[in-house]
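Engineer:
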Amino acid sequence: NNELTGILTTGNRYITNKIIDNNPVVVYSDIFTDFSKKVIAVLSVVIDRSDYLEAMEKNKKLILNTALIALLIISIIFFIIGQIMGKLIFRVAEAMKEIANGNLDIKMCATHRHDEIGMIQRAVMEISKSMKNMLNDIQTTVASVQDGDVTKRVDTSKLSGFMRALGETTNQSVEVTCALQKLTEQNSKQDWLKTGQTKLNEQMSGTQGIEELSRNIITFLCNYLEDVQVGAFYLIIETNRLKLFATYAYNKRKQLANEFELGEGLIGQAALERQSIIITQAPEDYIQVQSGIGESVPQNILVIPFFYEDELSGVIEMASLHELSDTQLEFIEQIMPHVGIAMNTAQSRTKLQSLLQKDKKSRK
Numbered sequence: 005n006n007e008l009t010g011i012l013t014t015g016n017r018y019i020t021n022k023i024i025d026n027n028p029v030v031v032y033s034d035i036f037t038d039f040s041k042k043v044i045a046v047l048s049v050v051i052d053r054s055d056y057l058e059a060m061e062k063n064k065k066l067i068l069n070t071a072l073i074a075l076l077i078i079s080i081i082f083f084i085i086g087q088i089m090g091k092l093i094f095r096v097a098e099a100m101k102e103i104a105n106g107n108l109d110i111k112m113c114a115t116h117r118h119d120e121i122g123m124i125q126r127a128v129m130e131i132s133k134s135m136k137n138m139l140n141d142i143q144t145t146v147a148s149v150q151d152g153d154v155t156k157r158v159d160t161s162k163l164s165g166f167m168r169a170l171g172e173t174t175n176q177s178v179e180v181t182c183a184l185q186k187l188t189e190q191n192s193k194q195d196w197l198k199t200g201q202t203k204l205n206e207q208m209s210g211t212q213g214i215e216e217l218s219r220n221i222i223t224f225l226c227n228y229l230e231d232v233q234v235g236a237f238y239l240i241i242e243t244n245r246l247k248l249f250a251t252y253a254y255n256k257r258k259q260l261a262n263e264f265e266l267g268e269g270l271i272g273q274a275a276l277e278r279q280s281i282i283i284t285q286a287p288e289d290y291i292q293v294q295s296g297i298g299e300s301v302p303q304n305i306l307v308i309p310f311f312y313e314d315e316l317s318g319v320i321e322m323a324s325l326h327e328l329s330d331t332q333l334e335f336i337e338q339i340m341p342h343v344g345i346a347m348n349t350a351q352s353r354t355k356l357q358s359l360l361q362k363d364k365k366s367r368k
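Just so you know, we're using my numbering here: the sequence shown kicks off at 5 and counts up by one.
1. If you scan the stretch 187 to 231 from start to end, which runs of the beta strand (DSSP E) of 3 or more residues do you find wholly inside it?
2. Could you pull out every residue in the same chain whose Cβ sits closer than 6 angstroms to the Cβ of Asn304, ignoring the five residues on either side in sequence?
3. Please state whether the Cβ-Cβ distance between Leu246 and Ile240 is less than 7 angstroms.
4. In chain order, what residues of the same chain lie with their CB nearer than 6 angstroms to the CB of Ser352, ignoring the 5 residues before and after it?
5. Please state the DSSP three-state secondary structure of Asp52.
6. So, is Ser317 buried or exposed, given that buried needs 16 or more other C-beta atoms within 10 angstroms?
7. Pull up the distance between the alpha-carbon of Glu189 and that of Thr181, whole angstroms please.
8. Starting from the Cα of Gly200, find the closest Cα among Phe224, Leu184, Val49 and Ser132 and give me that residue.
9. Looking at the C-beta of Ala59, does it have a partner C-beta in chain C at a distance below 7 angstroms?
10. Report back the beta-carbon spacing between Ile308 and Ala274 to the nearest angstrom; my notes put them in contact at under 8 angstroms.
11. Find out if the Cβ-Cβ distance for the pair Asn175, Arg157 is shorter than 7 angstroms.
12. Between Lys362 and the rest of its own chain, which residues show a CB-CB distance below 6 angstroms, the 5 nearest in sequence each way excluded?
13. Here's the rule I'm using: 16 or more other beta-carbon atoms within 10 Å means buried, otherwise exposed. How should Gly272 be labelled?
14. In this structure, does DSSP put Gln332 in helix, strand or coil?
15. Please report the distance separating the alpha-carbon of Gly235 from that of Tyr254.
16. Closest to Arg126 by CA distance: which of Val96, Val29 and Asn140 is it?
17. So for Ser33, helix, strand or coil by DSSP?
18. Applying the criterion that 16 or more other CB atoms from any shown protein chain within 10 Å of the CB defines a buried residue, is Gln332 buried or exposed?
19. Quick one: residues in its chain with C-beta nearer than 7 angstroms to the C-beta of Ile345, no 5 flanking neighbours on either side, listed in chain order?
20. From what residue to what residue does the beta strand (DSSP E) around Gly318 run?
21. How would you call Ile297, buried or exposed, if buried means at least 16 neighbouring beta carbons within 10 angstroms?
22. On the three-state DSSP scale, how would you describe Arg278?
23. Taking only three categories from DSSP, how would you classify Leu266?
24. Could you tell me whether the Cβ atoms of Leu306 and Ile339 are closer together than 7 angstroms?
25. In its own chain, which residues sit with a C-beta less than 8 angstroms from the C-beta of Ile214, not counting the 5 before and 5 after it?
26. Can you give me the Cβ contacts of Val178 inside the same chain, cut-off strictly under 7 angstroms, excluding the 5 residues immediately before and after it?
27. Counting C-beta neighbours from all protein chains within 10 Å, is the total for Leu184 16 or more, i.e. buried, or is it exposed?
28. What is the rounded straight-line gap between the Cα of Ile85 and the Cα of Glu98?
29. Following the continuous beta strand (DSSP E) through Val307, name the residue where it begins and the one where it ends.
30. Could you pull the start and end residues of the beta strand (DSSP E) that Arg157 belongs to?
31. Mind reading off the beta-carbon distance from Gln233 to Ile221? Whole number of angstroms is fine, and I expect it under 8 angstroms.
32. Taking its Cβ as the centre, do 16 or more other Cβ atoms sit within 10 Å of Arg278, making it buried, or is it exposed?
33. Provide the residue(s) that pair with Thr20 in DSSP beta bridges, ordered along the chain.
34. Taking DSSP's pairing of strands, which residues face Lys247 in a bridge?
35. Does the distance from the CB of Leu266 to the CB of Asn244 come in under 7 angstroms?
36. Give the single residue among Ile67, Lys62, Ala59 and Val30 whose Cα lies nearest to the Cα of Val49.
Spelled out as structure tokens, the structure:
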């Protein structure tokens with residue numbers, strides 16, 4: 005028949021409507037084949053059309069209900085996932101907000117996730133950690149600079165972008181701070197040197213005698229240098245002889261002589277060599293500093309000659325418990341020519357007064 009021919013021709017299932025014994029029916033036909041695709045049987049099923057339509061209607065309703073239930077379940081699943089994802093995204097947003105406000109001590113859960121949310125969370129934590137490390141590095145650098153260590157810098161070798169720019173900006177600020185610090189120190193040094201020269205000139209001004217001027221000079225130097233505890237002032241009295249004219253806090257010497265030949269002791273040696281002598285490990289019995297609470301031994305001795313028009317005028321000796329700084333030594337070098345001029349003026353005035361007195365006596 006036609007149905008069988010259609011099935012065998014197409015090799016597909018065949019459904020058709022027929023009327024058998026005045027009853028509308030649905031004929032469902034299918035074929036069965038072996039492994040070689042050879043038809044071995046044909047099966048035809050006759051179903052009452054009303055039963056078929058009823059079954060189809062039930063199937064439609066079942067499919068529809070199943071689809072609705074599946075849609076509901078999927079909606080619930082997506083809702084739950086959305087809630088979870090929303091909370092995670094909210095936490096990430098809150099963490100970013102905290103970082104933007106400067107709070108780098110943040111904690112986030114579920115950073116072990118292997119999805120996009122986990123990647124975002126780990127990235128946020130890395131940002132927080134990197135910024136925290138950078139901030140700690142900046143704080144350490146600033147603290148070091150404040151403590152006087154101007155060599156400390158932020159390491160920007162492993163940074164990039166904003167972090168690198170921030171580190172470089174910090175280093176530039178440190179450079180500016182160091183430059184300002186050096187400038188301030190230099191200005192302070194120059195102010196200290198100039199102030200000392202001005203005050204010394206005030207101490208040497210007026211018509212002072214040799215002993216008074218010597219005492220004022222050695223007293224001022226010991227007080228202004230602060231670290232100096234003992235001082236002695238020697239003047240050349242003969243061609244090859246130096247005599248002690250004034251002292252400051254002078255107590256005891258290993259050699260009690262107050263006069264020295266050129267080349268004798270530290271005083272005579274400095275005068276002979278015409279240059280300063282610095283001793284940093286003086287013998288314990290060389291000189292002592294005595295106060296109301298006991299005695300101490302200065303370990304540092306400075307012996308420096310001074311001149312007038314390249315002629316030796318005298319020698320100043322100072323002893324301190326601590327080594328003098330380069331700035332203090334520079335100050336002493338700067339004021340020595342002024343001391344030579346002042347002492348020459350006082351000596352010339354004394355000689356003139358002596359000549360006037362002799363002349364006055366001779367006239368009488």
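Glycine included, every Cβ here is placed at the ideal spot set by N, Cα and C.
Structural biologist: From the atom records:
1. none
2. Same-chain partners within the cutoff: Thr284, Ser324 and Glu327.
3. yes
4. Contacts found: none.
5. strand
6. Counting the other Cβ atoms within 10 Å of the Cβ of Ser317 gives 16 or more, which makes it buried.
7. Using only the alpha carbons, I get a separation of about 12 angstroms.
8. Phe224
9. Protein chain content of the structure displayed is limited to a single chain, and chain C is not contained in it.
10. Distance from Ile308 to Ala274 at the Cβ level is roughly 7 angstroms; contact confirmed, criterion being Cβ atoms closer than 8 angstroms.
11. yes
12. none
13. buried
14. helix
15. 7 angstroms
16. Val96
17. strand
18. buried
19. Tyr312
20. Glu315 to Ser324
21. Because the pLDDT of Ile297 is 41, which lies under 50, any placement of that residue in the model is unreliable, and the question is left without a value.
22. If DSSP states are grouped into helix, strand and coil, Arg278 belongs with coil.
23. coil
24. no
25. Leu239, Phe249, Met347, Ala350, Gln351 and Thr354
26. Thr145, Val149 and Arg157
27. exposed
28. 20 angstroms
29. Asn304 to Tyr312
30. From DSSP, Arg157 is part of no beta strand (DSSP E); its letter is neither H nor E.
31. Wrong, their Cβ atoms sit about 17 angstroms apart, outside the cutoff.
32. exposed
33. Val31
34. Beta-bridge pairing links Lys247 to Leu239 and Glu263.
35. yes
36. Val30
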